[in-house]
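K.L.:
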Amino acid sequence: MTNNIYNPYLIREDEKLKGLTEPYVSIQNLTKIFGPSCPMCIEQTGPEHETNKCCTCGSIVALRKISIELYPNEILGIIGESGSGKSTLVRLLHFDMDVTYGEMYLDPLILCQEVIDHTKKDIFTLSAFEKRKIRNKLIGIVYQNPYMGLKMDISCGGNIAEKLIEYGWRNVNAIRTRAMELLNRTEVPIDRIDHSPKTFSGGMQQRVQIAKALSTNPKILLLDEVTTGLDLSVQAKVLDLIKKIQEKLKITMIVVSHDLGVIRLLATRTVVMKYGTIVEAGLTDQILEDPQHPYTQLLVNSQL
Amino acid sequence: MENHYLLRLEHAAKTFVLHGLGGKKIMGFRDINFTVRRGESVGLAGPSGSGKSSIIKSIYRTYLLSHGHIWYDSKYYDGIVDISKIPERAVHLIRTNEIGYISQFLRVIPRVAAVEIVAEPLIRNGVPEVEAKKVSSDLLKRLLLPENLHDAYPSTFSGGEQQKINIAKTIVWRPRLLLLDEPTASLDTHSVSIVMGLLKELKEGGTAMVGIFHDAQIMNDFADTVYNIDRGFYVEQ
Numbered sequence: 001m002t003n004n005i006y007n008p009y010l011i012r013e014d015e016k017l018k019g020l021t022e023p024y025v026s027i028q029n030l031t032k033i034f035g036p037s038c039p040m041c042i043e044q045t046g047p048e049h050e051t052n053k054c055c056t057c058g059s060i061v062a063l064r065k066i067s068i069e070l071y072p073n074e075i076l077g078i079i080g081e082s083g084s085g086k087s088t089l090v091r092l093l094h095f096d097m098d099v100t101y102g103e104m105y106l107d108p109l110i111l112c113q114e115v116i117d118h119t120k121k122d123i124f125t126l127s128a129f130e131k132r133k134i135r136n137k138l139i140g141i142v143y144q145n146p147y148m149g150l151k152m153d154i155s156c157g158g159n160i161a162e163k164l165i166e167y168g169w170r171n172v173n174a175i176r177t178r179a180m181e182l183l184n185r186t187e188v189p190i191d192r193i194d195h196s197p198k199t200f201s202g203g204m205q206q207r208v209q210i211a212k213a214l215s216t217n218p219k220i221l222l223l224d225e226v227t228t229g230l231d232l233s234v235q236a237k238v239l240d241l242i243k244k245i246q247e248k249l250k251i252t253m254i255v256v257s258h259d260l261g262v263i264r265l266l267a268t269r270t271v272v273m274k275y276g277t278i279v280e281a282g283l284t285d286q287i288l289e290d291p292q293h294p295y296t297q298l299l300v301n302s303q304l
Numbered sequence: 305m306e307n308h309y310l311l312r313l314e315h316a317a318k319t320f321v322l323h324g325l326g327g328k329k330i331m332g333f334r335d336i337n338f339t340v341r342r343g344e345s346v347g348l349a350g351p352s353g354s355g356k357s358s359i360i361k362s363i364y365r366t367y368l369l370s371h372g373h374i375w376y377d378s379k380y381y382d383g384i385v386d387i388s389k390i391p392e393r394a395v396h397l398i399r400t401n402e403i404g405y406i407s408q409f410l411r412v413i414p415r416v417a418a419v420e421i422v423a424e425p426l427i428r429n430g431v432p433e434v435e436a437k438k439v440s441s442d443l444l445k446r447l448l449l450p451e452n453l454h455d456a457y458p459s460t461f462s463g464g465e466q467q468k469i470n471i472a473k474t475i476v477w478r479p480r481l482l483l484l485d486e487p488t489a490s491l492d493t494h495s496v497s498i499v500m501g502l503l504k505e506l507k508e509g510g511t512a513m514v515g516i517f518h519d520a521q522i523m524n525d526f527a528d529t530v531y532n533i534d535r536g537f538y539v540e541q
């Protein structure tokens with residue numbers, strides 16, 4: 001050991017230049033209502049009413065005015081019970097559904113530069129074509145259910161190729177090389193590249209999904225309950241993979257899970273959701289060791 | 305700056321509110337004031353449940369303070385910040401660059417080799433993988449972790465061996481401020497003396513420390529100043 005006071009490697013210039021509190025992605029007042037929706041929807045739902053259903057018009061309020069900020073190279077955890085709106089949030093960020101209202105801004109310098117020419121614009125108001133462009137360039141997603149993220153009637157390599165082609169790749173050989181490289185990274189046996197994911201185990205399907213999501217070098221990766229339903233040894237492998245990818249590729253991630261252990265190991269900050277509302281947000285260890293909201297306390301105390 | 309302190313607690317207080325028990329309030333600690341200078345080690349002593357760990361966790365922002373301030377002179381921020389108030393993102397950056405915390409328990413992703421866990425903070429900050437692993441391996445060797453365990457998964461280790469990983473993964477990156485919550489509780493005397501030696505080296509390198517040790521001998525060895533905490537209050541020594 002030398003006698004340097006500070007390790008010279010420990011200040012990352014990119015982040016220092018970026019400033020400490022400048023977000024990558026900023027989401028404001030994100031709301032999603034399924035159903036006719038009326039002016040009373042927001043007021044009549046939420047944790048204080050203990051329901052998601054508006055009693056005037058019968059709409060389901062999946063998300064109520066969510067505001068989240070994402071920073072470069074961090075993992076944000078989202079926890080909450082079933083029906084709290086976790087998956088809806090992730091899908092809205094992947095433009096799988098239209099928002100009822102709400103705004104999303106991307107960092108104009110880093111994220112928008114080559115994607116869209118107008119800076120500081122609400123992403124949700126862009127045309128479908130531009131949204132798709134942003135999605136292809138910036139965002140990857142891994143669904144809880146592999147059947148949502150993968151086409152089971154085409155080969156595993158074909159699934160990855162599909163995303164690359166959508167992104168603009170045309171050279172068959174290059175696509176195949178890229179697919180092999182990705183499968184290698186996510187530890188899927190290369191000789192299975194031409195097999196349908198239907199024939200894969202659940203853990204392998206998840207890893208193919210991760211490979212597909214990573215294929216276009218996204219800046220943001222959305223992981224929706226990726227380890228739920230996997231056996232413990234596979235779960236450990238997937239967790240390790242996610243962490244390694246994050247460290248190597250410096251991707252910002254949103255990890256949705258109802259497993260507090262997963263969140264503790266992966267996330268730096270965590271958001272707790274209930275009835276479509278954020279009831280508490282903070283550093284992960286603070287959320288788990290000094291929860292402030294009654295619901296978070298209940299959740300943490302219910303942990304095995 | 306006239307006062308060259310690194311850390312300063314000012315009327316710090318913590319009360320836990322247990323909503324499950326009808327909003328019952330439990331006092332963690334009250335009106336804690338002390339200052340830590342660069343390269344100084346401060347010990348917190350007192351019986352179990354007196355609030356020592358809570359103070360350390362509040363400095364690390366694992367606990368949110370109810371009242372008061374925790375001023376910290378951050379290199380990253382280039383100035384003094386109140387750790388209990390600044391945004392989580394800033395706390396995270398300060399944690400990964402300046403403040404280290406060693407608890408009694410090791411919490412890591414399963415099935416990651418010991419040496420990789422220790423090397424992780426270095427690699428994350430741009431040290432080439434080979435070099436980071438070598439530094440980590442050397443450190444583990446100094447901590448007397450058998451070499452054949454360096455590539456094994458810590459979940460199979462004994463309590464003491466796990467604790468060595470826990471200590472190594474924090475001191476390897478030489479934090480400016482090191483928080484220690486009984487890091488030596490599960491170690492044998494020989495290992496303890498090695499850990500104390502490593503801490504002394506860090507101290508000479510300028511690292512300030514706040515630590516809890518139950519063993520009076522170790523505490524004497526470690527601390528420049530000891531504060532006695534009793535039922536959340538403190539008596540200076």
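In the order they appear, the protein sequences are chains A and B. The working numbering puts the first residue of the first sequence at 1, with every later residue one more than the last. The working numbering puts the first residue of the second sequence at 305, with every later residue one more than the last. Think of the CB as a built atom: it goes at the ideal place given N, C-alpha and C, for glycine as much as any other residue.
Give the secondary structure of G347(B) by DSSP, where H, G and I count as helix, E and B as strand, and everything else as coil.
P.N.:
strand
K.L.:
Just to confirm before moving on: does the CB-CB distance between G58(A) and G276(A) stay below 9 Å?
P.N.:
No; because the gap between Cβ atoms is not below 9 Å, this pair is not in contact.
K.L.:
Can you give me the C-alpha to C-alpha distance between A489(B) and V395(B), rounded to a whole angstrom?
P.N.:
28 Å
K.L.:
Going straight from the alpha carbon of G102(A) to that of Y167(A), what length do you get?
P.N.:
27 Å
K.L.:
Using Cβ-Cβ distances below 9 Å, what residues of the region 127 to 142 of chain A are close to chain B?
P.N.:
none
K.L.:
If we ignore side chains and look at the alpha-carbon of each, how far apart do D224(A) and I498(B) end up?
P.N.:
44 Å
K.L.:
Taking only runs of the alpha helix (DSSP H) that begin and end inside the region 416 to 474 of chain B, which ones reach a length of at least 4 residues, in chain order?
P.N.:
418 to 428 and 433 to 446
K.L.:
Between the region 252 to 272 of chain A and the region 71 to 86 of chain A, do at least 3 Cβ pairs fall closer than 8 Å?
P.N.:
yes
K.L.:
Reducing DSSP to helix, strand and coil, say where D528(B) ends up.
P.N.:
coil
K.L.:
With distances taken from CA atoms, which of T252(A), L249(A) and V208(A) is nearest K151(A)?
P.N.:
The shortest C-alpha separation from K151(A) is found at V208(A).
K.L.:
Assess contact between the region 279 to 289 of chain A and the region 87 to 107 of chain A, defined as three or more Cβ pairs (one per stretch) separated by less than 8 Å. Is contact present?
P.N.:
no
K.L.:
Are L304(A) and I413(B) touching if we call contact CB-CB under 9 Å?
P.N.:
Contact flag unset, no.
K.L.:
Using 9 Å as the limit for Cβ to Cβ distance, is Y338(A) near chain B?
P.N.:
Since the displayed chain A opens at 1 and closes at 304, residue 338(A) lies outside it and no answer follows.
K.L.:
Would I330(B) be called buried (16 or more neighbouring beta carbons within 10 Å of its own) or exposed?
P.N.:
exposed
K.L.:
Start and end of the alpha helix (DSSP H) containing I165(A)?
P.N.:
C156 to Y167
K.L.:
Could you give the C-beta distance for P39(A) and I139(A), rounded to a whole number, given that I count them as a contact under 8 Å?
P.N.:
No, P39(A) and I139(A) are not in contact; Cβ-Cβ is about 32 Å, not under 8 Å.
K.L.:
Give a yes or no on whether the C-beta atoms belonging to G332(B) and T319(B) are separated by under 9 Å.
P.N.:
yes
K.L.:
Can a CB atom of chain B be found closer than 9 Å to the CB of E306(A)?
P.N.:
Any question about residue 306(A) goes unanswered here, given that chain A covers just 1 to 304.
K.L.:
Are V416(B) and S441(B) closer than 9 Å when you measure CB to CB?
P.N.:
no
K.L.:
In terms of residue numbering, what span does the beta strand (DSSP E) encompassing T100(A) cover?
P.N.:
T100(A) -> no beta strand (DSSP E), and no H or E assigned at all.
K.L.:
Judging by CA-CA distance, which residue of S82(A), Q246(A) and V262(A) is the nearest neighbour of A236(A)?
P.N.:
Checking every option, the nearest Cα to that of A236(A) belongs to V262(A).
K.L.:
In the DSSP assignment, the alpha helix (DSSP H) including F129(A) goes from what residue to what residue?
P.N.:
A128 to L138
K.L.:
What first and last residue would you give for the alpha helix (DSSP H) that runs through Q205(A)?
P.N.:
G202 to L214
K.L.:
For M104(A), count the other beta carbons within 10 Å of its own beta carbon; 16 or more makes it buried, fewer makes it exposed. Which is it?
P.N.:
buried
K.L.:
Within the same chain, show all residues whose beta-carbon is closer than 6 Å to that of P487(B), passing over the 5 residues directly before and after it, in chain order.
P.N.:
Beyond the five residues adjoining it in sequence on each side, P487(B) comes within less than 6 Å, by CB distance, of I406 and I471 in the same chain, given in chain order.
K.L.:
Looking at V422(B): is its Cβ nearer than 9 Å to the Cβ of L448(B)?
P.N.:
Remark: C-beta atoms of V422(B) and L448(B) do not approach each other more closely than 9 Å.
K.L.:
Flag T366(B) as yes if its beta-carbon sits less than 9 Å from any beta-carbon of chain A, otherwise no.
P.N.:
Closer than 9 Å to some Cβ of chain A, the Cβ of T366(B) qualifies, so yes.
K.L.:
According to the Cβ coordinates, are S352(B) and L368(B) closer than 9 Å?
P.N.:
Not a contact, by the Cβ cut-off of 9 Å.
K.L.:
Name the chain A residues whose beta carbon is nearer than 7 Å to that of E392(B)?
P.N.:
R269, G282 and L283
K.L.:
By Cβ distance below 6 Å, which residues in the same chain neighbour I175(A) in space, the five residues on each side in sequence not counted?
P.N.:
If we look at I175(A) and ignore the five residues flanking it on each side, its Cβ neighbours are A161, L164 and W169.
K.L.:
Indicate whether D485(B) and G515(B) have their beta-carbon atoms separated by less than 9 Å.
P.N.:
Yes, Cβ-Cβ distance for D485(B) and G515(B) is below 9 Å.
K.L.:
In this structure, what does DSSP give as the bridge partners for K219(A)?
P.N.:
Its beta-bridge partners do not exist; DSSP assigns none.
K.L.:
What is the rounded straight-line gap between the Cα of Y309(B) and the Cα of I522(B)?
P.N.:
25 Å
K.L.:
Could you please give me the residues that DSSP links to K389(B) through a beta bridge?
P.N.:
According to DSSP, K389(B) bridges with nothing at all.
K.L.:
To the nearest angstrom, how far is it from the Cα of V385(B) to the Cα of G347(B)?
P.N.:
When only Cα atoms are considered, V385(B) and G347(B) end up about 23 Å apart.
K.L.:
Look at the alpha carbon of N7(A) and the alpha carbon of I220(A), and state the distance between them as a whole number of angstroms.
P.N.:
With a pLDDT of 39 at N7(A), under the threshold of 50, the modelled position of that residue is not reliable, and no figure is offered here.
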